[in-house]
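Residue numbers (our numbering), protein chains in the order written: chain R, 452 to 980; chain W, 136 to 355; chain G, -1 to 693. We put the beta carbon where it would ideally sit given N, CA and C, even for glycine. Quick caveat: nothing in here was measured; it's all calculated off a predicted structure. These notes are about the structure you will find just below.
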Amino acid sequence: MLKAAVEDHGEVTDEDRKHAAEVSGVPEAAVYGISTFYDDLLVRRGTRHVRVCTGTACFAATGGAHVDAICEGLGLAPGERRADGSVSLAHTVCLGFCHSSPAVRDGDLIDAGPDAPARAITGSCAEAAEPEWVSLLAEPVLTRPGDWSGLRRALTELGPEALLAEVEAATVRGRGGAGFPAGTKWKFTRAAKGDEKFIVANGDEGDPGSYIDKYLMEQNPALVLEGLALAGFAVGAKHGFVLTRSEYPRSKPVLEAAVEQARADGLLGDDILGSGFDFDITIVEGAGSYVVGEETALLACLQGLRGTVSARPPFPAERGVFGCPTVVNNTETLANMPFIALHGAHAYAELSPDSESNGSKLVCFNERFARPTVYEVPFGMSMRALCEEVAGGLRDGRSIKAVQIGGPLGGILPASKLDTAFDFDALAAEGCMVGHGSICAFDDHTDIRALTVHLLEFGADESCGKCFPCRIGLRRAHDMFAVDAPVNRERFEQLLETLELGSLCAHGSGMPAPLRSLLAHFPDEMGLA
Amino acid sequence: MISVTVDGTELQVADGATILTAAKQAGRWVPTLCFDERQAPFGACRVCMVAVEGAPKPLPACTTPCRDGMVISTDDPVSRRVAVAVVELVLSELPAAPAPHTELAQVAGRLAVTGEPRWPGAVHQVKHDFRHPYLAFQHELCISCGRCVRACDEVQGAFALTATGRGFGANVTAGLDSGFEESTCVSCGACADTCPTDAITEITLLDGVERSEANGQRAI
Amino acid sequence: MVNEQFDRTVTTTCGYCGVGCRLEANVRGGRIVSVAPALDGPANEGHTCLKGRFAHQFTRSRDRLTSPLVRENGELRPASWEEALSRVVSELSRIKAEHGPDAIAGLASSRATNEDCYAMARLIRAAIGTNNIDNCSRVCHSPTSFALRKSFGLSGATGSFSDIDQADAAILIGVNPTQGHPVVGARIKQAALRGCKLITIDPRRIELADYGVLHLANRPGTNAAVALGLAHVVRRDGLTDETFIAERTEGYDAVQELLDAYTPQAVEEITGIAAADLERAAHIYGEAGSASILWGLGVTEHKYGSEVVQLLCNLAMMTGKVGKAGSALLPLRGQNNVQGSSDMGALPDTYTAYRRVDHEETARSFEEAWGVPLSRKVGYKIPEMFDAAIAGELKAMYIFGEDVAQTDPDTAHVVAALENLEFMVCQEIFENETTKYADVVLPASAFLEKSGTFINAERRFQLVEAAIDPPGGARTDLDIIMTVSRMLGHEMGWQSPWDTLDEISRLTPQYRGVSKERIGRSGAQWPMHPDGSDSPTLYDTVFDNPTGKGQFAALPYKAPGDAPDQQFPLVLVTGRVLQHYNAGTMTRRTYNAELVDRDWLEIHPDDAARLWISDGDKVSIRSRVGHTELSAKVTDRIEPGHVFTTFHFPETRTNLLIGQSADVNTSCPEYKVVAVDVRPIGEQPAFTPVLETVS
């Protein structure tokens, strides 16, 4: 209701809040709190609402210059609306057009490319194109359009226990960043006490530089929905949700259309294919926040509340949506399930013969590369092979200074270490991670100190604000580098330790990783005391 | 009942009891800021960190349940280091030192957090709300521990308070940021009672805001 | 935690409502600076409400009585204690000599301590020589006391507040805890949020109705029909606990015969509650593992209030839901010590623990202890005192801590009675409507200024300890009563309230062992046992009467004492709000008066529209006996045909409207059903609107 208010008259007023409270039964104070949390609800919008992306890929492309250009061109600071109400400007992170950075959103139109900012200023944005995704596998798995054959087999041949056993045996490490085995999560949820259970697909791909889930949701929605249904079957849930991002305006309508189609084909709804299994899916869109990618914050956002993180235990497997046992899986993780249902755990492991890690992985590259798009790759390839052979190295004669892998909380690998293999264990040994699979290159022109400020600004802005180390610590860390003065390394590292050991969730505890990479590999370029 | 060891002492605790409960039972002090025994544990302040044998990182005592055979150390140096750092950070975001009787001041004192903060920087914006006859809100002293919101929800059930904003700008307010009287507040004072920094406190306890005690006449 | 802001902190018990929150009073420079809830308070567990916490400034209000007053030439003027007390003693002695001791009556304050009330009763009985002593429970829960004693044996809640936490379901009838007993109201709300199935029965949609599973809005005065209807369905659908009925009760057969007539359809006719809702309520209650019943003045302040309580006891006995954890009958007693003032025998027919004045053994034990012969004749109840005063038979009254001219029904009648007395002494903390008629006014102490004990609605003795001194020349109530008694020739001989408590404990088997030490910080719930333990739950194996069995009562529904008609088409219900306490004597002298500054008349939008009344308008309200004016508040939480107001502000004189209708057994006034006419002031409609009468 609050989002509708913004769509309607550009802002959330107290009347809107009171109305929302009355209709929903949520206390007025709580509605106020919700309305001050999400990006989409905070900015007063003009007739034309321009959102400029401040994500890492866009930063890597321009060093931040595109943001300044738009601000200057429109004569507005982010968060402002022109006096005549014609135009407003806001930051946004990330639009998922990292292949063509910088990206700008005008209303629901997303434009990208070096001249996109200029078009945003004049109001002549055009929808940017999205490059086709590519699979390196002999038989594509994740890029192959979902056809529900996995679910058919599960329903007719496997049964829930056998399906669960296959998924466990397959050791599917979560693709969202934490890498937690999905089968284990499913097992806990299945065993948890409760009549009603839920599956939630985490489509909140907030990582700047990542557009993998965007492709999955918008180009292969059936595969995602099938994965959800399989999870429901294995766990004993009758309903699933996909939480999409408001920064990806196309995801929800595309998924909803796919749900409609599936229902029409008897693949969702009551008594699917005559098996007695009921399962249906609701698509929910977020309201502009990165941290709701964390699973407990996600569930809060799903229920319309402030997206703050909750202490675990209890884990969602025990108490999740509406207090019921819930599986929260990343979209890509779920997209892996149809293959396992159809072909089994062994075949799944065989997809990555050169690695301990199983299955295939979608990776995506940023605009700096010659051939940026989403690629389906096996684990175990070297980073160098991925960057130079698959993505064609950097354009315009630039060379790689470093790459950040897996998202803003991922470690940063310097060019000298590009022979590291792309898999969970090898990357972890280098202080990096597979994370969500984005590969964001910083070229040789990159200002490391500016990059440090960029990462910390993102971290501080997106902190949910609940736990003290992250809420205050990230702000302090940012401020240390944002001022034009040398930074005391010892003090900074003490702050990093506090964040790593004290934070409530991976946002705060993960932020030190890329910073430690920079300290390790580029100490002289950080402006330390 | 299960058996745990706290700082070398073995004791029996109820199944599902938190490490904090066990520590209290053993008479060992664990610093806390966002904890109030009248409310469910919240896990926000991260000051109650303790070391548990076998765990790679310090764990928060208030939200971690005991397991049979757990060996807990409340004064482990790494955990204390984190606690001290967090308290330093919290003190650094307030425009003024907390009054000596507040829980924050007492915890800081006991943790020996003194001297110049290592990470100074921006402080909260000063915003006072003295409209209510009894409850005073000094927003700049709020450390977003959530205790007042939980007191209002879990103890009284008036649901008049909410956390607001995000990140460093996070704060707490009543109703639609309209003051206590305009909200669903029933003036029970549970929020003032639990606040560890006196961000919400009884107006009569503030100097400089005089209250005439006769016949409900407010004199400011 | 040492707090540098205070000199000292005293733990005491709140003097507002019957919850009995334990409070920490923080003192600086001889004044209360702030009050916080005690974390270990058994009833409040670290919580309290805005009255207990904030409404203490009245203790130093400019209006406080700090000197005795005597009336001379029609005006009250300051006097010394010597002069005032001599006047009291000489007048009472004179009247006793001329007209006999029964021409004098006393009223004990239900807000005062047990020791104060006991002393008052002893003064009236031993020093004066009559049983004309009563307290304000007369006008609130006397029906509860009567009914519980009849059905179960003891005059108090059958369990404790903690039973709320353990109840799978609960019926709230005629009570609005989030207003009148806020801490218990919060506890109920949290229980409901955790899954306790709450059924609210009230003509108004009280706040807790929003948290419950079912709300039954019955017409005022029809509670008995509701109770009978629930019992009918319980029996019809096999939800009874036959074993319990057979082994632990008597009298069920008569009830069974009676219940046949109270079908859900018949009950719908009488009460306006849909038959399906009644059935659902009965099932929720009957099927629950444990279920409690809570009620308040919405049940008792009726012509047949005592009968309704007996019917509620019937319901509990039919389902075996009494005497077990989570299954308690909890009357929410209003005043902080209304339970105690009655337990202490400040009643015309009983000594402590409800032992009758005409019971030889009891009377003898007191005669022995007090050293004087005592009357066996039952004395006047409060309404009878006023009647006797008007008839010229009662000549003097000694009223302490009750503002009868504001809070008792039919104000005109009360005033006439007071004016007809030859002598009246008021012992008070403020001048009020009643002191207007007093000959002597003695300045007394508030709860923060005295020591002793209160008994809360859980039958729990709790300690009261003075945090500050009474102001100016005011003295503690116990001190004043002891002095008056001494001057009348009867020495009580106590050095402190703890001596009084020891005497009470010695002379009352049920309270034996109660002492300051035994009560400590967690209190003690009577009855006490020989081994020193107390009684959180009653009746787990046996009821407290000669046969040990619970007594069923076969009582049919009867219409209330007043009914709406053409002339007075609306029904007025009176009650309380959160921010004020009863007559508002204390709370109006705090900043609570800023939060709520007047009594409002709640009226349904349909009625308001027909009467051309808008929200905030001033209206005139008339009953058969009186009229007054109020501001209107239009709300749909009340049903059409009813109006509701409070009585916290003397200017409103709400009780002018209340007539003589009262409970048949206990004379508790029917504050809750008064036929009235309401119209806007200054805006006469062109024709007199005729509303359909509420049948």
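Buried/exposed call for residue i, threshold 16 Cβ in 10 Å
i, result
"H972 of chain R", "buried"
"M136 of chain W", "exposed"
"L191 of chain G", "exposed"
"N653 of chain R", "buried"
"V148 of chain W", "buried"
"I291 of chain G", "buried"
"A414 of chain G", "exposed"
"E466 of chain R", "exposed"
"V474 of chain R", "exposed"
"T573 of chain R", "exposed"
"V139 of chain W", "buried"
In DSSP terms, what residue i is bridged to
i, result
"A464 of chain G", "The partner list for A464 of chain G (beta bridge, DSSP) is empty, contrary to what the question assumes."
"S629 of chain G", "G:W598 and G:K616"
"L813 of chain R", "R:E827"
"P632 of chain R", "R:R624"
"I732 of chain R", "R:G691"
"R502 of chain R", "R:A541 and R:R556"
"V258 of chain W", "Paired residues: none, contrary to the question."
"T308 of chain W", "W:T297"
"R458 of chain G", "G:Q523"
"H213 of chain G", "G:T198"
"D894 of chain R", "R:I851"
"Y396 of chain G", "G:G104 and G:V423"
"S586 of chain R", "R:E827"
"S138 of chain W", "W:Q147"
Closest by C-alpha distance to residue i, when choosing among the options
i, options, result
"A351 of chain G", "G:G582, G:G154 and G:P469", "G:G154"
"T640 of chain R", "R:P829, R:P765, R:E908 and R:V538", "R:P765"
"L146 of chain G", "G:D634, G:E113, G:L328 and G:V31", "G:L328"
"E617 of chain R", "R:C775, R:Y799, R:A680 and R:G844", "R:Y799"
"A257 of chain W", "R:A633, R:T607 and R:H929", "R:H929"
"A264 of chain G", "G:L226, G:E2 and G:T247", "G:L226"
"P193 of chain W", "W:R215, W:G324 and W:V248", "W:R215"
"A119 of chain G", "G:A344, G:L440 and G:R635", "G:A344"
Three-state secondary structure (DSSP) of residue i
i, result
"V854 of chain R", "strand"
"W496 of chain G", "helix"
"F452 of chain R", "The sequence shown places Met at residue 452 of chain R, rather than the Phe named in the question. Coil, per DSSP."
"I453 of chain G", "strand"
"A326 of chain G", "coil"
"W637 of chain R", "helix"
"Q380 of chain G", "Residue identity check: residue 380 of chain G is Ile in the sequence provided, not Gln. Note: I380 of chain G maps to helix in three-state DSSP."
"T167 of chain W", "coil"
"I656 of chain G", "coil"
"A798 of chain R", "helix"
"D385 of chain G", "helix"
"E840 of chain R", "helix"
query = Enumerated in chain order, which unbroken segments of the alpha helix (DSSP H) with a length of 4 residues or greater are wholly contained in the region 8 to 84 of chain G?
reply = Those alpha helix (DSSP H) runs which fall completely within the region 8 to 84 of chain G and span 4+ residues are 48 to 52.
query = Which full runs of the alpha helix (DSSP H) of 4+ residues lie inside the region 903 to 974 of chain R, going along the chain?
reply = 919 to 933, 940 to 953, 957 to 961 and 963 to 972, all fully within the region 903 to 974 of chain R.
message = Quick check on the DSSP output: what are the complete beta strand (DSSP E) runs of length 3 or more inside the region 459 to 517 of chain R, in order along the chain?
response = For the region 459 to 517 of chain R, whole beta strand (DSSP E) runs of length 3 or above, ordered along the chain, are 499 to 504.
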